[in-house]
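The block underneath contains the structure these notes are about, expressed in structure tokens.
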Amino acid sequence: MNLERVPNEEKLQLCRKYYLGGFALLPFLWLVNVLWFFKEAFFKPTYTEQPQIQSYVKRSAFGLFVWVVILTTWISIYQTNRASWGATGDYLSFTIPLGIP
Amino acid sequence: MTAGVGVWLGLGLVLLTGLCQGNSVERKIYIPLNSTAPCVRLLNATHQIGCQSSRNGDTGVIHLVEKEDDLTWVLETGPTPPYVVLLEGSLFNKAILQKLKDSSRVSGIAVSYTKPPPAEGFSLDVKCPSDGFGLYTSERGSQYAHCNGTVWNPLGTGFSYEDFSFPIFLLQSENETEVIKQCYRDHNIPGNDSKPHYPLCAMQLLSHMHAVTSSATCMRRNSIQMSFSINPEVVCDSLADYNIWSLLKPTNISGTIPPEEQVVMSAVRVDSRSFFWNLAPAAEGTVSALVTQLAAAEALHKVKDTQSLPRNIMFTFFQGEVFDYIGSSRMVYDMQKGRFPVRLNNIHSFVEISQVALRNNSVLWIHSDPLSRANETVNTEVQDMIRILKAASKGANVTVEEVEQSQALPPASFQRFLRAQKIPGVVLTDHKDAYHNKYYNSMYDTAETIKMEYPSGLPQEEALEYVTETAQALSEVATLLAKTLYQLAGGNDTVDIKADPHTVTRMLYGFLVKSNNSWFQSISRPDWKDALENKQPQYYVTASQNGNKRPPTIPTRLLMSVLANITGQVVNFTKEECQNPDKAPDSKKELYDYIWVQGPLTGNTTSREPFCIRSTMHNHFAESPANDLNDWGSTEYSTWTESRWKEIKARIFLIPSQELEIITLLTGLAVLIISFCATYFINAKADILFTSTEDSGSAAY
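Protein chains in written order, with UniProt numbering: chain A, 1 to 101; chain B, 1 to 701.
Right, dumping it as structure tokens:
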């Protein structure tokens with residue numbers, strides 16, 4: 001969808017939907033929201049809905065950041081310690097690499 | 001300049017491929033090595049042993065090591081690491097293997113098979129086989145544990161039980177070894193400037209193993225995969241096959257036999273192993289005893305009055321014994337649980353034959369267990385057995401002698417029975433203390449080791465019948481065993497029992513030289529005839545898919561065919577009746593087992609005369625009780641498993657220098673980029689470049 005052709009009210013609705021949708025453990029929606037509405041929120045001449053869009057984009061970015069931090073921490077802990085966790089490590093894994101501990 | 005040559009070479013190659021068609025490029029580049037034996041990964045409760053290559057195989061420049069000094073090039077001076085060491089079989093020893101194992105400049109080892117075998121002996125097994133799983137442990141008989149007192153296999157280096165992070169292959173064919181050596185000589189010997197000149201001859205060894213760490217880990221991963229994954233990838237399998245057992249007096253085995261019935265057990269092991277996968281000729285280690293017991297069984301089945309003996313005799317052939325007593329521990333386990341027709345209380349006495357072909361002055365040694373002999377009743381019965389053995393040896397060409405009573409039992413299946421119950425019993429061997437077998441559990445334990453010698457130029461059919469000295473000597477031991485068992489079963493000593501040296505020699509030929517011989521053909525089941533090969537059978541137990549009762553392994557099939565044939569009777573059943581005894585009248589299915597065999601060739605034709613054999617032979621699934629208990633960390637039962645793999649292969653090829661490889665890659669990239677640019681510009685300026693004159697346009701379309 002090309003945002004240029006969408007009226008401002010609809011933009012706000014869309015941004016809001018993405019922002020709320022992200023709470024359903026879907027950080028990618030927040031990522032999309034940030035990327036998609038970044039220009040709208042900060043680089044377009046001011047319009048009535050802009051402050052609200054700005055706040056949604058900021059909140060989405062914050063949520064995304066929290067997710068990135070959590071996932072990065074967990075993945076690095078998991079990857080470095082999976083072998084030493086033994087059975088627990090295996091039960092936590094979806095695919096188990098062949099031929100390495 | 002070089003780049004230009006490279007481009008032209010490449011172009012030439014592409015043209016050549018076009019002309020030759022198919023995948024001949026691969027055939028032009030690689031020479032596959034077809035007769036190799038890999039070292040694979042096995043696992044137990046705590047360790048992984050064997051070898052592992054990387055996922056796509058390990059490649060290295062070949063260096064031939066014919067003497068110890070050649071190692072310096074590989075380990076220190078050679079300028080093009082990593083190396084694949086082409087090792088002479090005689091140098092495959094502890095010191096060299098340790099050096100190669102510790103070096104980071106080695107990416108693999110290819111060992112050539114030496115003939116004759118190393119005179120000083122060769123055994124990569126441990127000094128104290130199956131330690132910890134026999135009778136003597138730290139808790140029980142600790143004064144005998146860990147071979148304290150007698151080291152059974154002093155030549156053992158233990159490398160069969162170590163973990164290697166690179167692949168090791170055995171080159172079984174002399175021709176292939178010669179091809180590799182020629183490639184090495186042509187390309188890899190350094191020139192006058194003591195630098196090798198590219199291209200160099202390299203070898204790639206692929207043996208990537210899926211299982212890792214321990215049996216507990218791989219079994220857990222198996223079960224996770226089986227329950228969650230859409231596309232389950234099993235990583236290891238337990239080692240399992242069948243124990244074979246047979247009773248002298250036909251007995252109803254549909255339930256357990258009555259407690260008052262007594263059975264004399266005679267036992268041998270059927271399997272062996274070596275450093276390499278599925279390579280275990282085991283002439284002295286296994287076959288010498290196996291053949292002896294078979295010959296004794298035949299001799300006893302010929303005796304007329306055996307049906308009136310007060311006790312029964314049970315001939316037992318255990319599988320998987322080399323891997324911490326899989327077969328015997330399973331039988332004891334099933335006996336204790338009442339899942340086997342015979343129970344431990346039914347066992348009157350136990351005679352086990354271990355390695356018996358290399359006797360000094362025909363002396364056969366009697367080993368017994370000092371722990372159970374501390375019990376007065378057991379001691380009396382053991383003394384009685386020894387007296388019977390000594391009496392039976394009178395007049396025979398065998399002398400029996402007793403080892404000191406304070407000496408522990410050698411590794412034997414009997415130890416697993418003694419763990420469960422104090423049973424009077426003896427183990428008969430050719431060695432007093434350390435093994436006489438210099439090649440215990442190695443690839444050199446072949447027919448030559450037990451001195452099976454045939455006159456040169458003897459045709460196959462005559463060799464099959466030719467009674468070697470070894471066969472003669474083993475038939476004497478078999479006679480002794482048969483007489484002893486007969487008397488232990490309550491028979492008197494006046495009956496003439498004699499093992500047939502002709503059967504012994506035929507069995508030795510089939511089990512050690514060539515299983516595809518006329519006798520084995522005639523006694524084999526038609527659907528098992530693929531088990532017969534024009535070479536000696538291998539006695540590795542092999543892995544069985546977990547829980548799946550697959551058909552018996554090749555050595556077990558051979559054993560079943562022979563045992564049924566020499567102890568059974570031909571019955572007049574049709575093929576249908578023989579394969580489904582329910583349909584036959586008076587088949588007594590609970591007493592007998594029936595097999596339909598190919599039969600001998602008729603006259604000069606290629607057709608055979610099949611027939612049905614009835615015998616008291618039965619099989620018993622030999623998988624470690626650890627699987628039944630789902631306890632893969634067990635210290636009580638064998639936990640050995642074999643890793644799975646996708647592909648195992650070895651090949652040689654020429655590799656160019658790194659500079660040439662980089663130049664080739666860069667040239668390729670340059671050509672790619674240039675063609676992109678050219679296409680872009682041509683496309684952009686298409687209207688100028690392809691100005692169509694009026695007439696050519698109409699002609700083209």
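We put the beta carbon where it would ideally sit given N, CA and C, even for glycine.
Pop quiz: residue i and residue j are said to be a contact at Cβ under 8 Å. What is the actual Cβ separation, rounded to whole angstroms?
i, j, result
"B:E439", "B:G121", "According to the sequence as given, residue 439 of chain B is Tyr; it is not Glu. That belief holds up - the Cβ atoms of B:Y439 and B:G121 are roughly 7 Å apart, short of 8 Å."
"B:E298", "B:T605", "Actually they do not touch by this definition, with Cβ atoms about 30 Å apart."
"B:Q307", "B:D271", "So it is not a contact: roughly 33 Å between Cβ atoms."
"B:R416", "B:V332", "5 Å"
"B:V427", "B:I386", "B:V427 to B:I386, Cβ: 12 Å. No contact."
"A:S84", "A:G22", "So it is not a contact: roughly 34 Å between Cβ atoms."
"B:K514", "B:K529", "Not confirmed; about 14 Å, so no contact."
"B:V356", "B:R311", "The Cβ separation is near 24 Å, so there is no contact."
"A:G63", "A:P101", "Rounded, the Cβ-Cβ distance is 36 Å, inconsistent with contact."
"B:S624", "B:S246", "The pair is not a contact, with the Cβ atoms about 23 Å apart (cut-off 8 Å)."
"B:C201", "B:I62", "5 Å"
Taking residue i as the query, report the chain A residues whose CB atoms sit under 7 Å from its CB, ordered along the chain.
i, result
"B:V212", "G99, I100, P101"
"B:Q52", "G99"
Considering only their Cβ atoms, is the gap separating residue j from residue i smaller than 8 Å?
i, j, result
"B:S597", "B:S524", "First, the residue type needs correcting, since residue 597 of chain B is Val and not Ser in the sequence shown. Yes. Within cutoff."
"B:P370", "B:Q405", "yes"
"B:P600", "B:E590", "no"
"B:P207", "B:S35", "Sequence inspection shows Ser at residue 207 of chain B; the Pro mentioned does not correspond to that position. No, they are not a contact pair."
"B:L87", "B:E68", "no"
"B:F511", "B:P551", "no"
"B:F169", "B:P38", "yes"
"B:A626", "B:A499", "no"
"B:S288", "B:I109", "no"
"B:A211", "B:S643", "yes"
"B:L418", "B:S372", "yes"
"B:F323", "B:S638", "yes"
"B:N346", "B:E402", "no"
"B:N437", "B:L358", "yes"
"B:Y325", "B:T556", "no"
Mark residue i as exposed unless 16 or more other C-beta atoms lie within 10 angstroms of its C-beta, in which case mark it buried.
i, result
"B:G697", "Only weak support exists for where B:G697 lies, its pLDDT of 46 falling under 50; the value from the coordinates is given anyway. It is exposed - the Cβ of B:G697 has fewer than 16 other Cβ atoms within 10 Å."
"B:Y701", "With a pLDDT of 47 at B:Y701, under the threshold of 50, the predicted position of this residue should be treated as unreliable, though the coordinate-derived value follows. It counts as exposed."
"B:S266", "buried"
"B:L97", "buried"
"B:T2", "Since pLDDT at B:T2 reaches only 45, below the 50 mark, its modelled position is unreliable, and the value read off the structure follows with that caveat. The residue is exposed, with fewer than 16 neighbouring Cβ atoms inside 10 Å."
"B:D334", "buried"
"B:G4", "At B:G4, the pLDDT of 48 sits below 50, so the modelled position is not reliable; the number obtained from the coordinates is stated separately. Its Cβ having fewer than 16 others within 10 Å, B:G4 is exposed."
"B:A699", "Any reading at B:A699 needs caution, since the residue's pLDDT is 48, under 50, leaving its predicted position unreliable; the model's value is listed next. So B:A699 ends up on the exposed side."
"A:Y19", "buried"
"B:L666", "exposed"
"B:L458", "exposed"
"B:S138", "exposed"
"B:Q293", "buried"
"A:F65", "exposed"
"B:E66", "exposed"
"residue 107 of chain A", "The requested residue 107 of chain A does not occur in the structure, where chain A is confined to residues 1 to 101."
"B:G191", "exposed"
"B:S160", "buried"
Listing by chain order, which chain A residues have their CB less than 9 Å from the CB of residue i?
i, result
"B:V235", "I96, L98, G99"
"B:I180", "Here the premise fails: no neighbours, minimum Cβ distance about 27 Å."
"B:I224", "D90, Y91, S93, I96"
"B:M209", "L98, G99"
So which residues of chain A does residue i contact, with C-beta pairs closer than 8 Å?
i, result
"residue 782 of chain B", "There is simply no residue 782 of chain B to check, as chain B begins at 1 and stops at 701 in what is shown."
Report the neighbours of residue i on chain B: residues whose CB is nearer than 9 Å to its CB, in chain order.
i, result
"A:A87", "A216, T217, R220"
Complete alpha helix (DSSP H) runs within the region 647-677 of chain B (minimum length 4 residues, chain order): none
Segments assigned alpha helix (DSSP H), at least 4 residues, entirely inside the region 21-98 of chain A: 27-42, 50-85, 87-92
Runs of beta strand (DSSP E) wholly within the region 137-191 of chain B (minimum 3 residues, chain order): 168-171
Every unbroken beta strand (DSSP E) within the region 191-262 of chain B, with a cutoff of 3 residues, ordered by chain: 200-209, 236-247
Entirely enclosed beta strand (DSSP E) segments - the region 540-586 of chain B, minimum 3 residues: 569-571
Secondary structure, beta strand (DSSP E): runs of 3+ residues fully inside the region 593-617 of chain B: 593-597, 611-615
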